[in-house]
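For what it's worth, my numbering labels the leading residue of the sequence shown as 596, then goes sequentially. Some notes on the structure that comes next.
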Amino acid sequence: MGNRTPLAATLAANSISTAGTSLTLIGVPWFVLETTGSAGRAGVVAFCATLPIVVAALIGGPVIDRFGRRRTAIASDAVCAAAIAVIPLLHFAGVLDFWMLCALMALNGFAHTPGNTARYVLIPDLAEHAGTTLPRAASLFDAVSRGARMIGAALAGVLIAFVGAETVLLLDAATFGLSALLIAAGVRGVRAAEPRKAEAPVSLRAYGTELREGYVHVLGNRLLLAVVVMVMFMNGTDQGWNAVLLPVHAESELSGAPAIGLLTALFGAGGLAGALLYGAVGHRFSRRAVFTVCVILCGAPRFLVAAVTGTTLPLAVTMLLGGIAGGVLNPILTTVVYERVPDRLRSRVSGALTAGSEFAMPVGGLAAGLLVEGAGATGALLAMGGIYFLATLSPLVFPSWRTLDDVPGAEPVQKPVPQTEVPAPAPVSSSGPSRPTPGP
């Protein structure tokens, strides 16, 4: 029997951080709509919050290895706690300008990504440390994240209605602080969590070499590349849904913030059920068959239902069913990534996967705001839902997805690798994610 404390602490920290992020996911767009009344400005804030996520992912992989995964997670949560807490404090003082909100959300996005990545890439080592299997640990990681997202969303809808979006943001800041404390106290004695001795002296050239290794690995593996491209479009449209389309739809057609909380919580509940279901019986079925069906059902239907109905019940049912389908996806993707990436490259490859998967997120939020103001909410929902649907047809169209069921180690190297690069290993990423994380 292994030591399960580090795995339990990481799962708890990640769930608390995710619950807090759900508060921000609902609280910030609602705060912007309440204070400005502009869908376009909500899109601008979403752009400012997500562009730094991509930047941090592009350059952050080697930093995590050199600084240490445990230290990175703690520092990341501490900075996020400060950035989020300042927003309501400045608002209460009457000095919060729009540019300040954008800057603070940008800082939060930039700091949040390394912490998410650090926790994620630790899971294989923590699973071994705990004496459990990788597929089970990956399913558990996703399940508790989705459960936390469900609870956070439900709380956000209720709290915004009763105490206001500003108080919700203060609560989110507290969750980041608690997450940092859990990692600091619980993740000890795990070699993979500590800083790695530099393989080369610290220099811009050495850093560039380490950074390039992650991108070379992704570009040299057609399945990982296919995953990144598909999830990039999914995450981009999801950002438009979360940051603009759902808040606008809820404000004009439904019951406001409580409806957002209910719908997001139902999606999270479905995701939790789907992840647990896959963890229990998913290994009995073809990964590709399960993934192909579930990815088509997880996202696009909610855009269509919101566009053609103005009541909560049909959308609530769609969100629940979509959540169940979406909950199956991340355990599959996470296992595939872990199987195809060695521990030495895991932080760098995960950063590359995050950067690619979330590359369209800044544009997604901004585009949704502009579409609402130019074509109306219905037109924006149909346009972005169409993009989502086309993206999810990828597993049916591209041959690289046929390797999803391959036994680890059986996938051939796609091309010769130069001496300074690392070839694809035998066996092992939303926005997500971060790893590829489809779904809101």
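Using N, Cα and C, we set each Cβ at its ideal position, and we do this for glycine too.
How many whole angstroms separate the CB atoms of residue i and residue j, which I take to be in contact at a CB cut-off of 8 Å?
| i | j | result |
| --- | --- | --- |
| V782 | L928 | Not quite, the Cβ-Cβ distance comes to about 24 Å (not below 8 Å), so this is no contact. |
| L820 | V813 | 6 Å |
| V623 | M745 | Their Cβ separation, rounded to whole angstroms, is 19 Å, which puts V623 and M745 out of contact at 8 Å. |
| A651 | P709 | 6 Å |
| A641 | N703 | Actually they do not touch by this definition, with Cβ atoms about 12 Å apart. |
| A864 | L915 | 7 Å |
| M979 | A963 | 6 Å |
| L961 | V639 | 7 Å |
| G918 | G959 | Contact doesn't hold; Cβ gap of about 20 Å is too wide. |
| G803 | A676 | Not confirmed; about 32 Å, so no contact. |
| P683 | L764 | 5 Å |
| A725 | N598 | 7 Å |
| F687 | E761 | 7 Å |
| L872 | I855 | Not confirmed; about 26 Å, so no contact. |
Measuring alpha carbon to alpha carbon, tell me which of the options ends up nearest residue i.
| i | options | result |
| --- | --- | --- |
| A920 | A738, R943, A963 | A738 |
| A845 | T832, T973, F880 | T973 |
| A637 | L618, A678, A838 | A838 |
| V673 | A868, I855, M914, S612 | First, the amino acid is wrong: residue 673 is Ala here, not Val. The residue with the shortest Cα to Cα distance from A673 is S612. |
| A732 | I718, V690, S945 | I718 |
| A775 | A962, A608, P937 | A608 |
| L735 | R883, N598, A870 | A870 |
| G752 | L857, T913, L684 | L857 |
| E723 | P601, H686, D1000, A779 | P601 |
| F705 | C893, A670, L841 | A670 |
| A743 | L729, A986, A634, L606 | L606 |
| R786 | T859, T728, R664, T906 | R664 |
| P853 | A677, T998, G759, A668 | G759 |
| A749 | L685, S617, V903 | S617 |
| S610 | A634, I778, V936 | I778 |
| A884 | L991, R661, L684 | L991 |
| F898 | L977, R741, P994 | L977 |
| V888 | L754, F984, A668 | F984 |
| A975 | G635, G815, I891, D1000 | G635 |
| R879 | P730, A603, W996 | P730 |
| V658 | T859, L892, A947, Q834 | A947 |
Helix, strand or coil: how does DSSP classify residue i here?
| i | result |
| --- | --- |
| T605 | helix |
| R599 | coil |
| E789 | coil |
| N837 | helix |
| E761 | helix |
| L750 | helix |
| V782 | coil |
| T728 | coil |
| G638 | helix |
| G803 | helix |
| I611 | helix |
| L776 | helix |
| A846 | Checking the sequence, you will find Glu at residue 846 rather than Ala. The answer is helix: DSSP assigns E846 an H, G or I state. |
| S633 | coil |
| D1001 | coil |
| N816 | coil |
| P1020 | Low confidence applies here, because P1020 scores a pLDDT of 31, under 50, leaving its location unreliable; read the following figure in that light. It is coil, neither helix nor strand. |
| E808 | helix |
| P1011 | Reliability fails at P1011, whose pLDDT of 39 lies under 50, so the model's placement of it is uncertain and no value is given. |
| E1006 | With a pLDDT of only 41 at E1006, under 50, the local geometry of the prediction cannot be trusted, and no value is derived from it. |
So residue i is in the alpha helix (DSSP H); what residue range does that whole segment cover?
| i | result |
| --- | --- |
| W694 | 693 to 725 |
| E968 | 956 to 987 |
| S995 | That residue, S995, is in no alpha helix (DSSP H); it is neither H nor E in DSSP. |
| V876 | 852 to 876 |
Does the CB of residue i have a neighbour CB from chain B at under 8 Å?
| i | result |
| --- | --- |
| R879 | The structure shown contains no chain B, having only a single protein chain. |
Quick one: does the C-beta of residue i sit closer than 7 Å to a heavy atom of the ligand FMN?
| i | result |
| --- | --- |
| V758 | Ligands in the displayed structure: none, and consequently the ligand FMN is not present. |
_If we require 4 or more residues per run, which alpha helix (DSSP H) segments fall completely within the region 881 to 948?_
882 to 893, 895 to 903, 907 to 935
*Which runs of the alpha helix (DSSP H) spanning at least 4 residues fall entirely within the region 652 to 691, listed in chain order?*
664 to 687
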